[in-house]
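Visitor: Structure incoming, see below.
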Amino acid sequence: MNDFRRIGRGFFERYTPLVARELLGLRLVRRVDGQRVSGMIVETEAYRGSSDPASHAYKGRTARNSVMFGPPGHAYVYFTMGMHFCLNVTTEPTGIPAAVLIRAIEPLEGVDSMKRLRGLDKVERLASGPGNLTRAMGIDKSLDGEDLVNSDRLSVEDGKGVGKVGVSTRVGIGEGQSLKWRFFAEGNPFVSKGRPSKAQNP
DNA sequence: TAATGGATGTTCT
DNA sequence: GAACATCCATTAT
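Going by the working numbering, the first residue of the first sequence is number 57, and it counts up by one from there.
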């Protein structure tokens, strides 16, 4: 069968930045019409509602972010900037609003499907960036709240791992920039470039 | 090659 | 009515 080992609930039920780091190198699998579309996770960001001003849940529970307050291992999909969806995985025990944003994957299976959905040929850009990733995998609001531990549409499986892990501040947020909660596979060409506004680290 | 700004819709105050 | 965890085409150098 196609089975890599699926990741269980316990993995997600831990401290969010830790989960974010360990998600690197695992495999994100989407099944559409019986076809597998998957890729290795190479870039993530942690968001933790209670103490993180950049989190959707910082100001409390709303209809949109309620999934973040639920049990771990569920997909939190939201629409942003008028055109894009973003995929998160909820973490930590029920009642603690937290999630990991999946920012980029390295395409492995179903690459042709991704190319079609994206209208792009460059594999390196198919799923680099949260909006690109959801478009390439056909992820939309119908997957909001999906349980990745049991779902037949979306899951996380064991992967080959990554080499060195890089850490930085998160991309595209206003507040909470002091937290270095972005994790990525260093040197991997599928990591999104983020938005280098000025200088990198000297 | 690097930087800028417009498109776009949902959510919350 | 304002804000927003973005992307990419266009511009200037």
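C-beta atoms are modelled at their ideal positions from N, C-alpha and C, and glycine is treated no differently.
Go to T225, then tell me how far its alpha helix (DSSP H) extends in each direction, as first and last residue.
Guide: T225 -> no alpha helix (DSSP H), and no H or E assigned at all.
Visitor: Is A131 closer than 7 Å to A102 when the C-beta atoms are compared?
Guide: no
Visitor: Do A243 and L164 have their C-beta atoms within less than 7 Å of each other?
Guide: Here residue 243 is Gly; the residue named in the question, Ala, does not match the sequence. No, the pair does not count as a contact, with Cβ atoms beyond the cut-off.
Visitor: State yes or no: is the C-beta of F246 within less than 7 Å of the C-beta of E180?
Guide: Yes.
Visitor: Which residue marks the beginning of the beta strand (DSSP E) containing R238, and which one marks its end?
Guide: 238 to 241
Visitor: State the DSSP-derived secondary structure class of G175, mapped to helix, strand or coil.
Guide: coil
Visitor: When you compare each of N121, T146, P127 to F135 by their alpha carbons, which one comes out closest?
Guide: Of the listed residues, the one whose Cα sits closest to F135 is N121.
Visitor: Are V238 and S224 close, meaning C-beta to C-beta below 7 Å?
Guide: Going by the sequence as given, residue 238 is Arg instead of Val. A contact, by the Cβ cut-off of 7 Å.
Visitor: Apply the 10 Å Cβ neighbour rule to D196 and answer buried if 16 or more other Cβ atoms are within range, or exposed otherwise.
Guide: exposed
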